[in-house]
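Below is one structure, written out as structure tokens; the observations come after it.
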Amino acid sequence: MAESHGRGNGAPLLEVDTVVKHFPPRRRGGAPVQAVDGVSFKLHRGETLAIVGESGCGKTTLARLLVRLEEPTEGSIRLRGREIHGGGGSDLKALRRTIQIVFQDPYASLNPRMTAGEIIAEGWEIHDGLVEKADRSSRLAELMELVGLDPGTRRLHPDLFSGGQRQRIGIARALAVQPEILVCDEPVSALDVSVQAQIINLLLTLQRKLGLAYVFIAHDLSVVRHMTDRVAVMYLGKLVEVGKTDTVFDNPLHPYSQALLSAVPSPDPRLSRSGGRIVLEGEVPSPTNPPSGCRFRTRCWKAAPICSEQVPELAARGFDHPSACHFAQPLERAPGKGDTESTGPPQPGHRPKRNGGDGNVAFA
Ligand SMILES: Nc1ncnc2c1ncn2[C@@H]1O[C@H](COP(=O)(O)OP(=O)(O)O)[C@@H](O)[C@H]1O
Ligand code: SF4
Ligand SMILES: [Mg+2]
Numbered sequence: 058m059a060e061s062h063g064r065g066n067g068a069p070l071l072e073v074d075t076v077v078k079h080f081p082p083r084r085r086g087g088a089p090v091q092a093v094d095g096v097s098f099k100l101h102r103g104e105t106l107a108i109v110g111e112s113g114c115g116k117t118t119l120a121r122l123l124v125r126l127e128e129p130t131e132g133s134i135r136l137r138g139r140e141i142h143g144g145g146g147s148d149l150k151a152l153r154r155t156i157q158i159v160f161q162d163p164y165a166s167l168n169p170r171m172t173a174g175e176i177i178a179e180g181w182e183i184h185d186g187l188v189e190k191a192d193r194s195s196r197l198a199e200l201m202e203l204v205g206l207d208p209g210t211r212r213l214h215p216d217l218f219s220g221g222q223r224q225r226i227g228i229a230r231a232l233a234v235q236p237e238i239l240v241c242d243e244p245v246s247a248l249d250v251s252v253q254a255q256i257i258n259l260l261l262t263l264q265r266k267l268g269l270a271y272v273f274i275a276h277d278l279s280v281v282r283h284m285t286d287r288v289a290v291m292y293l294g295k296l297v298e299v300g301k302t303d304t305v306f307d308n309p310l311h312p313y314s315q316a317l318l319s320a321v322p323s324p325d326p327r328l329s330r331s332g333g334r335i336v337l338e339g340e341v342p343s344p345t346n347p348p349s350g351c352r353f354r355t356r357c358w359k360a361a362p363i364c365s366e367q368v369p370e371l372a373a374r375g376f377d378h379p380s381a382c383h384f385a386q387p388l389e390r391a392p393g394k395g396d397t398e399s400t401g402p403p404q405p406g407h408r409p410k411r412n413g414g415d416g417n418v419a420f421a
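Set out below in structure tokens:
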């Protein structure tokens, strides 16, 4: 596969291999919910991989699979070559410690009956031997300072902290067990805009200091562009495009990525000249009954008969990064004043619908 990763060329730290998570039917006799359906990617030491896609496409389910809050229906997740799901024992406990999660909602994810200090230090009870009892108080103070909390507040309960401070507690809790990978599931989307940048900056600083790898799920594509090495675009349980962040943002190959990323202000003349956002029509189909072949076909302006018959595999197709589209190609330039039709391979379907950038937002 031509796609390269952001940092380091050694063996991947984490390998997600054709992972599937189907939830039981919502109603008796109904179909299972295909929340994640055959997702594969690798994560290397110290790199940041973004997962982006509309609400409901399976990002949180994927995050929970990575930290074993869900068991996969099929597939494998390997940490340094060893399967993290199934089995047990102290070895497994140590493996699991390596991947920690920061949740989206700092209000719901902290136990209101525990103090900040107890929450942060909880992992030391589970992973005893990690920090000697005699050292825990000073280590707790260090951790609180590291994430920008006053160690003097350790005996306070979460309800006395602001949203941003609570997220700092959540980050300190994750760091307490010395992970190598932090899965951040929309870590700032529940926070006031004014504190979002502070938490993003904290995560960046921590990565520099501790050499962490991040799986970073985010809604804000400007933040994704700013802080991630690679990006994986997800649609209805599947990855549709994976590549270096700049490459995918500058040159998306999959129609869904092109629509998603057209909502981000871009210096790319192809996007700015074309008049703004690509507006997708139709609803996101239900994950209980996804379209045959390509799951994006019901909203795709390039859909052709083959798209309902064959599932497009995630593959390079002669480009510098993989995408899952039978007709993958860079965004055709919409004709501007004085232009003739764009060149390039013949395309099925028609051009994407666009608005001028001041109308509907294509994505919620
Ligand atoms: N525990 C569950 N039981 C049944 N369906 C679920 C469960 N968790 C998530 N889902 C469904 O799986 C799909 C993906 O959800 P989620 O992973 O939360 O997406 P995202 O984080 O991208 O918004 C959604 O249709 C959601 O309703
Ligand atoms: S052209 Fe076909 S395969 Fe490609 S995204 Fe559209 S529907 Fe899917
Ligand atoms: Mg989510």
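For the sequence shown, this note's numbering gives the first residue as 58, with consecutive numbering after it.
Built from N, CA and C at the ideal position, the CB exists for glycine as well.
Here the structure is a predicted model, which is why all the values come from computation and not from measurement.
Please state if the CB of residue j and the CB of residue i are separated by a distance shorter than 8 angstroms.
i	j	result
Val280	Thr302	no
Val299	Phe98	yes
Val76	Val93	yes
Ile256	Ala173	no
Gly180	Arg230	yes
Leu106	Asp286	yes
Pro69	Thr155	no
Gly115	Gly339	no
Arg408	Trp358	yes
Asp207	Ala120	no
Val168	Ile176	Contrary to the premise, residue 168 reads as Asn rather than Val in this sequence. Going by C-beta atoms, Asn168 is nearer than 8 angstroms to Ile176.
Leu200	Leu232	yes
Gly313	Val290	For clarity, residue 313 is Tyr in the given sequence; the question names Gly instead. Yes. Within cutoff.
Leu278	Ala316	no
Tyr271	Leu239	yes
Ser343	Arg354	no
Val204	Ile134	no
Pro111	Lys78	What sits at residue 111 in the sequence shown is Glu, not Pro. Going by C-beta atoms, Glu111 is not nearer than 8 angstroms to Lys78.
Pro347	Gln91	yes
His184	Val252	no
Ala360	Arg374	no
Leu197	Arg212	no
Thr345	Gly87	yes
Arg125	Arg83	no
Pro192	Thr304	Pro is not the amino acid found at residue 192; the sequence shown has Asp there. Cβ distance not < 8 angstroms, so Asp192 and Thr304 don't count as in contact.
Ala381	Leu371	yes
Leu318	Met284	no
By DSSP, does residue i sit in helix, in strand, or in coil?
i	result
Lys295	strand
Leu263	helix
Gln91	strand
Cys241	strand
Ala120	helix
Leu278	helix
Glu140	strand
Lys410	coil
Ser97	strand
Asp74	strand
Arg287	strand
Ala107	strand
Ala191	helix
Val252	helix
Ala361	coil
Ala198	helix
Ala231	helix
Ala270	strand
Ala151	helix
Ser329	Low confidence applies here, because Ser329 scores a pLDDT of 49, under 50, leaving its location unreliable; read the following figure in that light. Correct three-state label for Ser329: helix.
Asp396	Note that Asp396 scores 40 on pLDDT, short of 50, meaning its location in the model is unreliable; the coordinates nonetheless yield the value given after this. Residue state, collapsed to three classes: coil.
Could you give the first and the last residue of the continuous beta strand (DSSP E) run that contains residue i?
i	result
Cys114	Note, Cys114: premise wrong, no beta strand (DSSP E); not H, not E.
Asp303	Here Asp303 belongs to no beta strand (DSSP E); instead the alpha helix (DSSP H) covers Thr302 to Asp307.
Arg135	Glu131 to Leu136
Ile158	Ile156 to Val159
What residue range does the alpha helix (DSSP H) around residue i cover?
i	result
Ala316	Pro312 to Leu318
Glu175	Ala173 to Ile183
Glu389	Per DSSP, Glu389 belongs to no alpha helix (DSSP H) and is neither H nor E.
Leu206	Looking at the DSSP string, Leu206 is not in any alpha helix (DSSP H), and its letter there is neither H nor E.
Against chain C, does residue i count as a neighbour if the rule is that its beta carbon must be under 8 angstroms from one of theirs?
i	result
Asp162	This model lacks chain C altogether, as it is built from one protein chain only.
Do the segment 235 to 247 and the segment 155 to 162 meet, that is, are 3 or more Cβ pairs less than 8 angstroms apart?
In this structure the segment 235 to 247 touches the segment 155 to 162; the number of beta carbon pairs closer than 8 angstroms is three or more.
Stretch-stretch touch, CB-based, cutoff 8 angstroms, three pairs: the segment 217 to 226 with the segment 122 to 140:
No contact exists between the segment 217 to 226 and the segment 122 to 140.
Inspect the CB distances between the segment 300 to 320 and the segment 265 to 275 and report whether three or more fall short of 8 angstroms.
With a cut-off of 8 angstroms, the segment 265 to 275 and the segment 300 to 320 do not count as touching, because too few Cβ pairs lie within range.
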